[in-house]
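In what follows, a single structure is set out as structure tokens and then discussed.
There are 2 protein chains.
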Amino acid sequence: MDQSETKMQIAVDAMGGDYAPGAVIEGLTRALYDFPDCDFTLVGNTAKLGLYLHKYGIADHPNLKLHHAESVVEMSEPSAISLRAKKDSSITECARLMKSGSVEALVSPGHTGALVAATKVLNRTLPGIDRPALAASLPHRHGRFILIDAGANPDCRPGNLIQFALMGEIYAKYMLNTANPRIGLLSVGGEDGKGSSLTKPVFKALSDMPINFVGNVESNSAYEGACDVLIADGFSGNVLLKTSEGLAKMATSWLKKAIKRNALRVLGAMFSQGAFKELKSTFDADEVGGAPLLGINGVCIIGHGSSNPKAVRNAIRAARDAIRFRMNERISQRLQECKATVADLESMF
Amino acid sequence: MDQSETKMQIAVDAMGGDYAPGAVIEGLTRALYDFPDCDFTLVGNTAKLGLYLHKYGIADHPNLKLHHAESVVEMSEPSAISLRAKKDSSITECARLMKSGSVEALVSPGHTGALVAATKVLNRTLPGIDRPALAASLPHRHGRFILIDAGANPDCRPGNLIQFALMGEIYAKYMLNTANPRIGLLSVGGEDGKGSSLTKPVFKALSDMPINFVGNVESNSAYEGACDVLIADGFSGNVLLKTSEGLAKMATSWLKKAIKRNALRVLGAMFSQGAFKELKSTFDADEVGGAPLLGINGVCIIGHGSSNPKAVRNAIRAARDAIRFRMNERISQRLQECKATVADLESMF
């Protein structure tokens with residue numbers, strides 16, 4: 001078998017994130033070493049990238065190509081700019097490469113909104129999916145759970161959340177290696193009747209679907225391990241994600257301050273530092289690297305804006321895993337299986 | 350001056366919360382000792398309360414009266430039950446005592462939804478307020494911030510959030526002792542254009558109001574101290590609150606487990622335990638005791654369902670503070686000042 005034919009093709013947005021292009025290229029260097037079964041297309045302003053490629057010794061790497069993109073979508077710019085004023089941005093070029101079939105996946109630690117806009121328009125959604133959703137992996141007491149949507153859709157209709165449930169189920173099967181993932185609905189109050197005008201009809205619909213639906217789940221129960229997949233609209237899902245990040249950071253800083261107040265505490269903390277390192281790795285977003293934007297026709301992995309090289313390398317790993325697992329094929333198949341039920345349920349809204 | 354005339358009158362729901370009536374009565378005992386300037390009416394099934402009153406030696410306390418309530422609203426029951434099948438519940442009786450003017454404040458570590466329903470119907474909202482909102486106090490890097498609404502209204506219109514901003518401003522002035530509280534709007538993305546169909550019009554409206562509006566604030570930035578008051582709909586506000594509670598609990602449990610894995614770590618943790626205690630007290634919801642339901646015609650303090658005696662005592666302190674500060678008078682005055690602007694803004698929606 002000719003190896004080059006079977007290689008996975010992945011585009012990497014060199015200009016995405018707060019530490020671009022340095023952190024992206026350093027992460028890509030690690031990925032080139034770790035994943036020889038992938039070909040990479042680095043997308044960005046080629047005039048600016050050369051220096052970094054030489055620095056990391058990958059300028060002539062056989063598995064690396066360059067693709068020029070003139071502009072960059074800044075974090076403060078509106079999402080639609082990737083399709084209007086900055087049609088030549090690195091994000092838009094990545095989506096275009098995936099549209100043409102040059103790559104199967106794209107990885108960007110960039111502007112979530114711009115990535116959603118560009119891939120929705122250029123790559124389209126899978127049949128049966130109206131809106132793509134971001135699937136984040138978070139720790140709970142005994143393992144991890146998948147939060148979907150973690151921030152792609154600030155406004156959702158009930159039908160969107162039903163589709164998120166089916167996509168989340170498939171993604172959890174391979175991410176968490178669980179045969180029959182427990183699906184929970186993010187709500188206020190764990191009881192069946194609790195919720196908002198958005199979640200109440202979704203609760204009814206999910207109860208009627210051929211999935212392992214465990215009912216309403218509050219975010220504190222999700223941290224206790226109440227479900228494998230937590231379904232949410234992108235606004236409250238994003239609040240959950242960012243509250244977790246913010247609090248974890250804050251608690252660490254408070255503890256450090258409290259420890260420094262006294263020498264015995266400093267000594268004690270030195271003895272027990274292994275425990276702190278274990279805790280830190282539980283929360284380490286860099287381990288996961290990036291969240292897939294599920295429902296796009298193609299693989300799109302979105303990294304944190306503050307991605308470091310490790311996070312970039314692991315986001316690339318996530319793209320590779322999604323290709324190998326044939327994630328979209330499986331999602332499409334599951335949607336097809338549930339098509340009749342979903343159509344029935346959606347007609348209710 | 351006759352002291353009895355000036356005493357503050359507070360109703361306490363003996364049947365609310367997971368550890369009722371024991372924890373409530375123990376907390377009340379402490380409050381009777383600490384706050385001799387208050388008269389208390391303990392509301393619950395009097396036949397069941399006697400034993401506890403004797404146990405804590407307060408059966409004949411001059412500042413304590415009993416008021417009978419036949420039933421209890423269980424946490425799993427729907428909110429409206431306090432007004433329908435359980436019109437004789439301790440929650441409904443507390444609201445009735447406040448309606449008749451027998452008490453100025455009520456304290457309950459009970460069912461938030463049932464308390465909102467009962468007080469809305471029996472006590473009504475302040476003029477200019479359509480919906481009451483729960484104001485929770487949370488820690489940030491340098492102090493605390495007020496989250497409003499923390500869970501009373503799962504569904505909100507833009508006009509509700511404008512009213513929450515004015516109530517939160519007044520509450521923060523005395524809770525945080527800040528002359529000109531910084532008001533932030535909970536959103537996804539800190540930039541001006543980011544948000545949902547609910548938050549975008551609120552952003553515009555708050556920008557036009559005579560308040561210290563600092564724009565969109567993400568929950569991680571709130572933990573960094575980006576604002577003194579964080580405005581949210583009750584659904585995402587509740588997600589923020591419960592994510593914080595869940596994560597703080599989970600992080601503690603993970604750390605304990607990691608420490609126990611090795612004897613040196615256990616020794617180290619013993620040396621540095623003062624630091625852990627400091628961190629724990631930062632997060633200690635019992636210190637605050639209860640969150641006021643702002644906008645009700647009367648003072649209503651809602652405690653956590655798992656309130657212990659310390660939390661009950663501090664929830665009573667919060668009720669006493671709200672009376673002494675003349676919170677509702679100040680909120681009404683502020684609403685009156687901003688009446689023209691708010692009416693203008695609300696007409697936009």
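Residue numbers (our numbering), protein chains in the order written: chain B, 1 to 349; chain S, 350 to 698. Ideal Cβ placement from N, Cα and C applies to all residues, glycine included. Just so you know, these numbers come straight off a predicted model, no measurement behind them.
Less than 8 Å separates the beta-carbon of residue 520(S) from that of residue 484(S).
The beta carbon of residue 105(B) sits closer than 8 Å to the beta carbons of 8, 9, 10, 11, 98, 298, 299, 300, 301, 319, 320, 322 and 323 from its chain, once the five residues preceding and following it are set aside; these are given in chain order.
Annotated three-state conformation of residue 511(S) is helix, per DSSP.
Neighbourhood of residue 154(B) in chain S, by CB distance below 7 Å: 537, 544 and 545, in chain order.
Residue contact with chain B for residue 660(S): absent (no Cβ-Cβ distance below 8 Å to any residue of chain B).
Between the alpha carbons of residue 329(B) and residue 123(B) lies a gap of roughly 15 Å.
Minimum Cα-Cα distance from residue 307(B) among the listed residues 288(B), 295(B) and 292(B) corresponds to 288(B). Contact note: residue 242(B) reaches chain S through 567, 568 and 569, using a C-beta cutoff of 7 Å and chain order.
Counting along the chain, no beta strand (DSSP E) covers residue 475(S), and no H or E run does either.
Contacts between residue 608(S) and chain B, judged by CB atoms closer than 8 Å, involve 272 and 275 in chain order.
At a beta-carbon threshold of 7 Å, the residues of chain B lying near residue 584(S) are 188, 196 and 236, ordered along the chain. Taking a contact to require three or more Cβ pairs closer than 8 Å, the stretch 364-378 of chain S and the stretch 405-417 of chain S qualify as touching.
Assignment of alpha helix (DSSP H) within the stretch 384-449 of chain S, counting only whole runs of 4 or more residues, yields 395-404 and 439-448 in chain order.
Among the CB atoms of chain S, none fall inside 8 Å of the CB of residue 287(B). By alpha-carbon distance to residue 139(B), the top candidate from 36(B), 338(B) and 147(B) is 147(B). For residue 456(S), the uninterrupted beta strand (DSSP E) run begins and ends at 454-457, by DSSP.
Rounded to whole angstroms, the gap between the alpha carbons of residue 556(S) and residue 565(S) is 11 Å. Around the Cβ of residue 131(B), a 10 Å sphere holds 16 or more other Cβ atoms; the residue is buried.
When DSSP assignments are scanned along the stretch 202-255 of chain B, the uninterrupted stretches of alpha helix (DSSP H) that are 4 or more residues long and fall wholly within it turn out to be 219-224. Residue 51(B) counts as exposed, since fewer than 16 other beta carbons sit within 10 angstroms of its beta carbon. For the stretch 490-524 of chain S, the set of positions with a beta-carbon nearer than 7 Å to some beta-carbon of chain B reads 490, 500, 503 and 504 in chain order. The three-state reading of DSSP puts residue 151(B) in coil, since its state is none of H, G, I, E or B. Within the stretch 625-696 of chain S, the complete beta strand (DSSP E) segments of 3 residues or longer fall at 639-643 and 648-652, listed in chain order.
Within chain S, no residue has its beta carbon less than 9 Å from that of residue 343(B); the closest one is some 26 Å off. Interface residue (Cβ-Cβ distance to chain B less than 8 Å): residue 540(S) is classified as such.
A buried status is given to residue 536(S), since no fewer than 16 other beta-carbon atoms sit within 10 Å of its beta-carbon. With three or more CB-CB distances shorter than 8 Å, the stretch 568-576 of chain S counts as touching the stretch 239-246 of chain B. Each residue's CA atom was taken as its position, placing residue 694(S) and residue 513(S) some 14 Å apart. Taking residue 490(S) as the centre and dropping the five residues before and after it, the same chain places the C-beta of 572, 573 and 574 closer than 8 Å to its C-beta, in chain order. Excluding residues up to 5 positions away in sequence, 532, 555 and 556 lie with their Cβ nearer than 7 Å to the Cβ of residue 562(S) in the same chain.
Our two residues, residue 311(B) and residue 78(B), have alpha carbons roughly 25 Å apart in a direct line. Distances from the CA of residue 155(B) to each of 264(B), 197(B), 268(B) and 39(B) were compared; the closest alpha carbon is that of 197(B). CA-CA distance, residue 240(B) to residue 338(B), rounds to 29 Å. Near chain S, meaning a CB-to-CB distance below 9 Å, no residue of the stretch 291-325 of chain B qualifies.
Per the DSSP secondary-structure output, residue 619(S) pairs with nothing in a beta bridge. No Cβ-Cβ contact shorter than 8 Å links residue 14(B) with residue 32(B).
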